[in-house]
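The listed protein sequences correspond, in order, to chains A and B. If you read the first sequence in the working numbering, its first letter stands for residue 1, the second for the next number, and so on. If you read the second sequence in the working numbering, its first letter stands for residue 187, the second for the next number, and so on. The C-beta atom is built at its ideal place from N, Cα and C for all residues, glycine as well. The model shown is predicted, which means the values in this text are computed figures rather than measured ones. A short write-up of the structure that comes next.
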Amino acid sequence: MSHGFDLQPQAGAGPAVPDNAALAAVSALLDKLNRALVKLSMLALIMTALVLTYSVVSRYFFSAPTDWQDEASVFMLVGVTFFCTASVQSYRGHIGIEALASLLPRRVNAVRLFFVDLVSLLFCAFFAWKSWTLFYEAWSEGQTTSSTFAPPLWIPYSMMAAGMSLLAIQLLVQTLARATNKKEAS
Amino acid sequence: MNELTLGALYGAATLVVMFSGMPIAFALGVVATSFMYFFMPASSLDTITQNVYEEMASITLLSIPLFILKGAAIGKSPAGKDLYSAIHTWLHKIPGGLGIANVFACALFAAMAGSSPATCSAIGAAGIPEMRRRGYSPGFAAGIIAAGGTLGILLPPSITMILYAVAAEQSLGRLFLAGIGPGILLVALFAGYAVYRARKEYRLALAIYEGGGEKSPYLEDEHFTLRQKVEMLPRVLPFIILLIGVMVALYGGLATPSETAGLGALLALVLIAIVYGVWRPKDLSPILSATIKESTMLLLIIGMSLLYSYVMSYLHISQAAANWVVGMHLSKWLLLAVILLMVIVFGFFLPPVSIILMTAPIILPPLKAAGFDLIWFGIVMTVVMEMGLIHPPVGLNLFVIKNIAPDIPLKDVIWGVVPFVLLMFFAVLLLCVFPGISTLLPDLIMGVK
Chain A
1 MSHGFDLQPQ AGAGPAVPDN AALAAVSALL DKLNRALVKL SMLALIMTAL
51 VLTYSVVSRY FFSAPTDWQD EASVFMLVGV TFFCTASVQS YRGHIGIEAL
101 ASLLPRRVNA VRLFFVDLVS LLFCAFFAWK SWTLFYEAWS EGQTTSSTFA
151 PPLWIPYSMM AAGMSLLAIQ LLVQTLARAT NKKEAS
Chain B
187 MNELTLGALY GAATLVVMFS GMPIAFALGV VATSFMYFFM PASSLDTITQ
237 NVYEEMASIT LLSIPLFILK GAAIGKSPAG KDLYSAIHTW LHKIPGGLGI
287 ANVFACALFA AMAGSSPATC SAIGAAGIPE MRRRGYSPGF AAGIIAAGGT
337 LGILLPPSIT MILYAVAAEQ SLGRLFLAGI GPGILLVALF AGYAVYRARK
387 EYRLALAIYE GGGEKSPYLE DEHFTLRQKV EMLPRVLPFI ILLIGVMVAL
437 YGGLATPSET AGLGALLALV LIAIVYGVWR PKDLSPILSA TIKESTMLLL
487 IIGMSLLYSY VMSYLHISQA AANWVVGMHL SKWLLLAVIL LMVIVFGFFL
537 PPVSIILMTA PIILPPLKAA GFDLIWFGIV MTVVMEMGLI HPPVGLNLFV
587 IKNIAPDIPL KDVIWGVVPF VLLMFFAVLL LCVFPGISTL LPDLIMGVK
C-alpha cells in the first residue's frame, strides 16, 4: 500500500493520458489549470509561513499583537488543501488500500476500479454541490467568523466549493477514461 | 436498530468500502454520507460541508502543511548526509560507532523533520551504503535505518501527535514534551543493540579472517583528524540551532504551536538557502510541491475522518461502543493490551492519522475511566503505531528502505527489523511500568496536571 509520501519524486510527470481524443484534450486543460493552482498554492504556503513569523516578531519585538494572522493562515491553508486536491487526484495521489488488486482476476479488477472511481465521483460531486450552497448562504447572508477580526466566510467556502468541483471534474474525466480506454490501465 | 448493531454495520461498511481500494479520504466520506442519508434527519446532509469545514478550520490542524514544509526543506537538502557524516567522524572510535551515528542522526533529523519516511530516506541514503561498505550485514544496516526513522513521529514536532492532541483534547505542548523521554529511551535501546550486534559481527569477521578467510572491512581501521572533525561542524550547527531555537520559541512562550510551525518552516528555508544555496524557484519547487502533495492528501483524510467521527458520535455509536468496552469490566492492563492490539491491527492497513481520528472517540473514554493519563497513552499509542511503520506486511519504512537500497532482499530487511520491533515492544513495557519516562519532563517544565 502506498502512503502517498513522495518516495520517488516524479518531476514533470503528468497524469495518465486518456485514449479518447476529446477526453485527452479536457485532461490536458485540467492539467494546466491544476499546475497553475499548485503554483498559486506554493506562494500561499510561503505567505502563511511569513504571516505566522510576522505575528511572533510583531508581538515579541514591537509589543504589537496581531489578531488576524490565525484566520488569514487558516483561509490560505484551506485554499491550498482544496485547490490542490484535484492535482493530487490527477496522478492518483490520494492513498487507498490496494490489497485486493493482486488477488482479483484482471477483468473483475477493472470493474472494481471503475466502480471505485464512479462512487468517488458521485461523492465529490455531491460535496461540491453542497459546498456551493454553503457558499451562497454565506455570501447572501453576509456571514463572518465569530472573531473580532470577523472576515467573511464566503472566502474559504468558495475555495472549498471550487476545489471540490475541480476534483469532481477530474474524477469524471478519469471515470470516463476507464470506460473508454482501449487498453485497461493497471 | 440498537446503537451497537448500527455500529457494527458502520464498521462493516467502512471495511468493505476501504478494501474496495477507494482512496481513504473518499471512502470515509462515502460511508459517513450514506449513514447520514439513511439514519440521520434529512437536513443533516445539508450541513455536511459546514461540518467538514468547521472541524478542519483549526489553526492547529492546519499547521500540519508548515511542519511538512520544514521537514521537506531539510529532507530534500544534503543536511541529512552532512548530519550523518559529522556524527560519524566524532563517534567512529566507539565499537559499533557507525551504527550509533546512524541512530543519532536519525533521531536529530527526526526532531527537525517530523516525518518517518523523510528521516529514513535522508539518513539511509548515506548511512546504509556506508554501513555496508564497512562490513555491516545488509539486514542490520536496513534495520537501523527503518527503526531510527520511526523516531520521526515520536520526537517533536510530530504530525501524529498534533492529531492526537486535537482528537484527545490534550495540550500539544505537553504531548510534545512527553515524547522526548521515550524518544531518548528508544535511541538508547537502538544504539545499545547496534553496539551489541556490531561487536558480534566484528567477532565473526575476525574469526573468519583468523581462520584464513577473507578480511572483512569490519577489521579495517578508520581515522579522522581533529581538523576533519571540526570542519564538519559548520554545516550541521545551523540545523541544531534551528532545532533548539524552535523548541525555545515554543516552550519559552514566545510562539503558539502553529506560529512555531510557520517560524520553523521559514527558518528551514532560510537555512538551506544560506548553507546549501537552495533559494531559486527552480530549487524550491520540488520542496514545495512535495509538501503540497503530502499535506493535501493528509488534510483531506483528516477532514473526512472528522466527518466520519461526527456521524459516529451523532448516531451514538462511539458512546455505545465505549460503554460496551467499559461494560466488559476488563482489568486496567488487559483493557490497555486489547486496545493496543487493535491499534497494531489497524496499523496493518491504515496510516496513523486515520487510526487516531477514527478510534479516539471509542478508545479514549474507557481508558480515561480506567484511570490512564491520556498524555501518557498518546505516547504509548505513538510508539505502537511506530511499530506499524516497520512491521510487515505494509510497514511504510520498509518500502522506503527498498527504495534507497533496492539490492537488499525484502526478507533481509524484515529480519533486520525484527530485533528493533522487539526493542520497541520492550520500550512500551518500560513505559507501562515507569510512566515517568514520559510524564516527568512535561510535569517538570509545565507543572503537574
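- Message: Here's a check: name, in chain order, each residue in its chain whose Cβ is nearer than 8 angstroms to the Cβ of A:P156, leaving out the five neighbours to either side.
- Response: Numbered from 1 along the first sequence, position 156 holds the residue referred to as residue 156 of chain A. The residues are V74, F75, V78 and G79.
- Task: Put A:P152 into one of helix, strand or coil per three-state DSSP.
- Result: The residue given as residue 152 of chain A occupies position 152 in the first sequence. DSSP places A:P152 in strand when its eight states are reduced to three.
- Hey, quick one: how far does the alpha helix (DSSP H) through B:M498 stretch, first residue to last? In the second sequence, counting from the first residue as 1, residue 498 of chain B sits at position 312. Residues P467 to Y500.
- Would you mind sorting B:W519 into buried or exposed? The rule is 16 or more other CB atoms within 10 Å of its CB. Residue numbering aside, residue 519 of chain B sits at position 333 when the second sequence is read from its first letter. Per the 10 Å Cβ criterion, exposed.
- Interface residues of the region 226-245 of chain B facing chain A [CB-CB below 9 angstroms]: L231, D232, T233, I234, T235, Q236, V238, Y239, M242, A243, S244 and I245
- Item | Span of the alpha helix (DSSP H), counted from its first residue to its last, around B:Q236 | Residue numbering aside, residue 236 of chain B sits at position 50 when the second sequence is read from its first letter. Where B:Q236 is concerned, the enclosing alpha helix (DSSP H) stretches over I234 to M242.
- Message: With a threshold of 7 angstroms on Cβ separation, who are the neighbours of A:F127 within its own chain once the five nearest residues in sequence on each side are excluded?
- Response: Numbered from its first residue, the first sequence carries residue 127 of chain A at position 127. Answer for A:F127: M164, listed in chain order.
- Query: Is the region 360-373 of chain B close to the region 338-348 of chain B, with three or more CB pairs under 8 angstroms?
  - Reply: yes
- Message: If we define contact as Cβ-Cβ less than 8 angstroms, is A:R112 a contact residue for chain B?
- Response: Residue mapping note: residue 112 of chain A aligns to position 112 of the first sequence, counting from 1. It does: the Cβ of A:R112 has a partner Cβ on chain B nearer than 8 angstroms.
- Query: Does A:D67 come within less than 8 angstroms of chain B when only Cβ atoms are used?
  - Reply: Reading the first sequence from its first residue, position 67 is the one you call residue 67 of chain A. Not an interface residue.
- If we cut at 8 angstroms on Cβ distances, does A:L52 have a partner in chain B? Locating residue 52 of chain A in the first sequence gives position 52, counting from the first residue. True, the Cβ-Cβ gap to chain B drops below 8 angstroms.
- Task: Please work out which residues of its chain come closer than 6 angstroms, Cβ to Cβ, to B:A507, disregarding the five sequence neighbours upstream and downstream, and give them in chain order.
- Result: Here residue 507 of chain B corresponds to residue number 321 of the second sequence, with the count starting at 1. For B:A507, where only same-chain residues beyond five positions count, the Cβ hits under 6 angstroms are G193 and I548.
- Task: Leaving out five residues on either side along the sequence, give the residues of the same chain with a beta carbon under 6 angstroms from the beta carbon of A:Q10.
- Result: For this step, residue 10 of chain A is matched to residue 10 along the first sequence. Summary for A:Q10: the model assigns pLDDT 44, below 50, so the residue's position carries little reliability; its value from the coordinates is reported in the next sentence. Here the set comprises nothing.
- Item | Inter-residue Cα distance where the pair is B:T582 and A:T148 | Here residue 582 of chain B refers to the residue found at position 396 when the second sequence is read from its first residue. Here residue 148 of chain A refers to the residue found at position 148 when the first sequence is read from its first residue. One point to set straight first is that residue 582 of chain B is Leu, not Thr, in the sequence displayed. Each residue's alpha carbon lies about 44 angstroms from the other.
- Query: In terms of residue numbering, what span does the alpha helix (DSSP H) encompassing B:P303 cover?
  - Reply: Walking along the second sequence from the start, residue 303 of chain B turns up at place 117. Counting along the chain, the alpha helix (DSSP H) containing B:P303 begins and ends at S302 to R319.
- Message: Any contact between the region 437-452 of chain B and the region 242-261 of chain B? By contact I mean 3 or more CB pairs, one from each, below 8 angstroms.
- Response: yes
- Message: Between B:V202 and chain A, is the shortest Cβ-Cβ distance under 8 angstroms, so that the two count as touching?
- Response: Indexing the second sequence from 1 puts residue 202 of chain B at position 16. No, B:V202 does not count as interfacial toward chain A.
- Go ahead and pull the three-state DSSP assignment for A:S2. Locating residue 2 of chain A in the first sequence gives position 2, counting from the first residue. At A:S2 the pLDDT is 32, less than 50, meaning the model places this residue with poor confidence; the figure from the coordinates comes in the next sentence. Coil.
- For A:Q8, which residues of its own chain have a beta-carbon under 7 angstroms away from its beta-carbon, when the five flanking residues on both sides are left out? Position 8 of the first sequence holds residue 8 of chain A. In this prediction, A:Q8 has a pLDDT of 41, which is less than 50 and means its spatial position is unreliable; what the coordinates show is noted afterwards. For A:Q8, where only same-chain residues beyond five positions count, there are no Cβ hits under 7 angstroms.
- Answer yes or no: does any C-beta atom of chain A fall closer than 8 angstroms to that of B:M208? Position 22 of the second sequence, counted from the start, is the residue given in the question as residue 208 of chain B. Interface residue, yes.
- Message: Against chain A, does B:P587 count as a neighbour if the rule is that its beta carbon must be under 8 angstroms from one of theirs?
- Response: Here residue 587 of chain B refers to the residue found at position 401 when the second sequence is read from its first residue. Looking at the sequence shown, residue 587 of chain B is not Pro but Ile. Output row for B:I587: interface = no.
- Over what stretch of residues does the alpha helix (DSSP H) that includes B:R360 continue unbroken? By 1-based counting over the second sequence, the position of residue 360 of chain B is 174. Counting along the chain, the alpha helix (DSSP H) containing B:R360 begins and ends at L358 to E396.
- Check whether the region 93-106 of chain A touches the region 202-221 of chain B, counting contact only when three or more Cβ pairs, one atom from each stretch, lie closer than 8 angstroms. yes
- Message: On the criterion of 16 or more Cβ atoms from any shown chain inside 10 Å, does B:A228 qualify as buried, or is it exposed?
- Response: As a position in the second sequence, residue 228 of chain B is number 42, starting the count at 1. Classification of B:A228: exposed, given that the 10 Å Cβ count is below 16.
- Task: Report the residue from B:G622, B:G633, B:G602 and B:V614 whose alpha carbon sits nearest the alpha carbon of B:R383.
- Result: The residue labelled residue 383 of chain B in the question sits at position 197 within the second sequence. Ranking the options by Cα distance to B:R383, first place goes to B:G602.
- Message: If you measure between the beta carbons of B:D598 and B:A328, is that distance less than 8 angstroms?
- Response: Sequence index remark: in the second sequence, residue 598 of chain B carries index 412 (1-based). Sequence index remark: in the second sequence, residue 328 of chain B carries index 142 (1-based). Yes, these two residues count as a Cβ contact at 8 angstroms.
- Query: Closest by CA to A:T85, which one among B:V607, B:M347 and B:L484?
  - Reply: Locating residue 85 of chain A in the first sequence gives position 85, counting from the first residue. A:T85 has its Cα closest to that of B:L484, out of B:V607, B:M347 and B:L484.
- Query: What runs of the beta strand (DSSP E), each 3 residues or longer, lie entirely inside the region 86-130 of chain A?
  - Reply: none
- Query: Does any CB atom of chain B fall closer than 8 angstroms to the CB of A:L45?
  - Reply: The sequence position of residue 45 of chain A within the first sequence is 45, counting from 1. Chain B contact via Cβ: present.
- Can you say whether B:G557 is buried or exposed, counting buried as having 16 or more other CB atoms within 10 angstroms of its CB? Start at 1 with the first residue of the second sequence, and residue 557 of chain B comes out as number 371. Classification of B:G557: exposed, given that the 10 Å Cβ count is below 16.
- Query: Within this structure, are the beta carbons of A:L40 and A:F83 separated by less than 8 angstroms?
  - Reply: For the purposes of this step, residue 40 of chain A is taken as the residue at position 40 of the first sequence. For the purposes of this step, residue 83 of chain A is taken as the residue at position 83 of the first sequence. Yes.
- Item | Where B:Y496 falls, given that 16 or more other Cβ within 10 Å makes a residue buried | The sequence position of residue 496 of chain B within the second sequence is 310, counting from 1. So B:Y496 counts as buried.
- Task: List the residues of chain B that A:Y60 touches, going by C-beta distances under 7 angstroms, in chain order.
- Result: As a first step, residue 60 of chain A must be located in the first sequence, where it is residue number 60. Ordered by position in chain B, the residues that pass the 7 angstroms Cβ test against A:Y60 are L440.
- Query: In chain B, what lies closer than 7 angstroms to A:I97 by C-beta?
  - Reply: Taking the first residue of the first sequence as position 1, residue 97 of chain A is located at position 97. What A:I97 touches in chain B: M204, F205, G207 and F535.
- Local conformation of A:Q10 per DSSP, three classes: For the purposes of this step, residue 10 of chain A is taken as the residue at position 10 of the first sequence. Because A:Q10 carries a pLDDT of 44, less than 50, the predicted location of this residue cannot be relied on, and no value is offered for it.
- Item | Meets three-Cβ-pair contact criterion under 8 angstroms: the region 262-277 of chain B and the region 298-312 of chain B | yes
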